Amino acid sequence: MVKQPDAPTHKPVALRGNYAEAAADYTVTQHWDRYTDEDHAIWRELYDRQMRLVERYAAPQFLAGARALKASPDGIPRIEDTNHILAAATGWQIVAVPGLIPEEHFFAHLAQRRFPVTVWIRRREELDYLSEPDIFHDFFGHVPLLTDPVFARFMQAYGAAGPKAIAAGGLKMLARLYWYMVEFGLIRTPAGLRAYGSGILSSKAETVYSIESPRPHRIAFDLERVMRTDYLIDDFQQTYFVLDSFEQLFHAGYDTDFGPLYRRYADQPGIPPDVVLPEDTLIGREPVHSSDRRK
Ligand code: HBI
Ligand code: FE
47 MVKQPDAPTH KPVALRGNYA EAAADYTVTQ HWDRYTDEDH AIWRELYDRQ
97 MRLVERYAAP QFLAGARALK ASPDGIPRIE DTNHILAAAT GWQIVAVPGL
147 IPEEHFFAHL AQRRFPVTVW IRRREELDYL SEPDIFHDFF GHVPLLTDPV
197 FARFMQAYGA AGPKAIAAGG LKMLARLYWY MVEFGLIRTP AGLRAYGSGI
247 LSSKAETVYS IESPRPHRIA FDLERVMRTD YLIDDFQQTY FVLDSFEQLF
297 HAGYDTDFGP LYRRYADQPG IPPDVVLPED TLIGREPVHS SDRRK
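In this note's numbering, the protein residues as written are 47 to 341.
Here you go:
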């Protein structure tokens with residue numbers, strides 16, 4: 047028997063969702079009444095253990111958002127129930143999708159302040175890790191920060207940057223920005239380093255690892271550095287980039303013309319994910335005091 051070749055993209059060969067009933071923009075009906083008792087039990091288990099961890103490890107803006115959403119301790123949330131809270135906070139909406147959707151559609155939703163949330167939930171054997179986003183990752187991990195006005199504006203600007211990146215051959219570089227700053231971002235707070243990335247905060251083990259472990263590099267955010275750095279999709283990150291504030295991320299994303307960056311770096315090999323460069327500013331794990339924030 048021959049070994050199946052690797053998929054040509056970073057996406058799994060076969061996606062799990064049911065795309066047959068999706069509309070042209072890839073949205074679907076959630077069909078909340080079709081979730082089983084086991085589906086809701088898996089949600090509760092994930093929710094309980096993760097809520098306890100984020101109290102200690104998550105950025106205050108994430109926690110505030112999770113509380114404002116009353117993010118469904120009893121079972122899988124109904125997507126429509128959240129939309130009036132999000133709409134009042136930042137004008138965002140969430141829409142149901144079957145799973146990963148093509149980049150151009152993903153960008154179009156974000157640019158219109160709609161966050162695509164996968165409808166299915168992982169199986170019990172996959173409680174700790176799965177390679178595709180499910181509703182726990184998308185809803186618990188991503189939606190709370192959409193209540194933060196500054197982060198929400200960054201997400202919209204990110205979506206709006208998509209078509210130009212595709213046209214300029216810069217998709218890989220733009221995707222790195224999402225990976226490091228939306229999925230795996232850390233932020234400095236007066237109480238110490240905290241996580242806000244959804245890939246971190248929807249994972250029990252990586253929530254602790256990202257903040258406590260001495261192993262990964264933690265490097266002060268620099269837009270160009272992030273957009274040049276390759277990433278690992280199936281292991282804990284070897285490098286996390288650290289923000290001073292969401293304003294810093296918003297301004298980097300919004301005020302920068304990515305065109306020259308794409309032209310300079312799109313055809314160059316990426317910086318390996320475990321490398322520290324001489325110009326990097328390393329961030330320690332100790333609490334940050336306001337007097338030494340910008341050394
Ligand atoms: N689709 N549902 C969904 N969720 C994602 O996070 C996602 C996607 N499609 C494309 C994509 N992410 C990435 O390629 C972009 O961040 C670049
Ligand atoms: Fe995600």
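The beta carbon of each residue, even a glycine, is placed where N, CA and C say it ideally should be. Owing to the predicted nature of the structure, the values given are computational and were not obtained by experimental measurement.
Can you look up residue i in the DSSP assignment and give me helix, strand or coil?
i	result
Ala74	A small fix is needed here, since residue 74 is Val in this sequence, not Ala. Residue state, collapsed to three classes: coil.
Phe161	strand
Leu239	strand
Leu92	helix
Leu247	helix
Leu146	coil
Ile122	coil
Ile212	helix
Ala68	coil
Ser177	coil
Thr55	In this predicted model, Thr55 has a pLDDT of only 45, less than 50, meaning its place in the structure is not dependable enough to derive any value.
Can you check which of these residues, the options, is closest to residue i by C-alpha distance?
i	options	result
Gly299	Gly205, Leu132, Glu178 and Thr164	Gly205
Tyr224	Gly330, Thr235, Trp138 and Tyr286	Tyr286
Leu328	Leu289, Gln314 and Asp180	Leu289
Asp276	Tyr311, Glu67 and Glu252	Tyr311
Asp194	Arg264, Ile125, Gly238 and Ala133	Ala133
Tyr242	Glu84, Met219, Gln202 and Leu192	Leu192
Arg62	Asp174, Phe230, Ile167 and Asp94	Ile167
Ile265	Ile212, Phe304, Glu325 and Thr235	Glu325
Gln107	Phe292, Glu178 and Ile317	Phe292
Thr253	Ile181, Phe230, Asp79 and Leu278	Phe230
Arg271	Glu91, Lys210, Glu172 and Ile317	Ile317
Just list the residues that DSSP pairs residue i with in beta bridges.
i	result
Val141	Pro162
Phe287	Ile265
Leu328	Ile265
Ala104	Ala241
Thr275	Ile317
Arg234	Leu239
If residue i and residue j are in contact, beta carbons under 8 Å, what's the gap, nearest whole angstrom?
i	j	result
Ala135	Val163	Going by Cβ atoms, the distance from Ala135 to Val163 rounds to 16 Å, so no, they are not a contact pair.
Thr247	Arg331	Note on residue identity: the sequence assigns Leu, not Thr, to residue 247. Actually they are not in contact, since the Cβ atoms of Leu247 and Arg331 sit about 18 Å apart, beyond 8 Å.
Ser256	Leu232	6 Å
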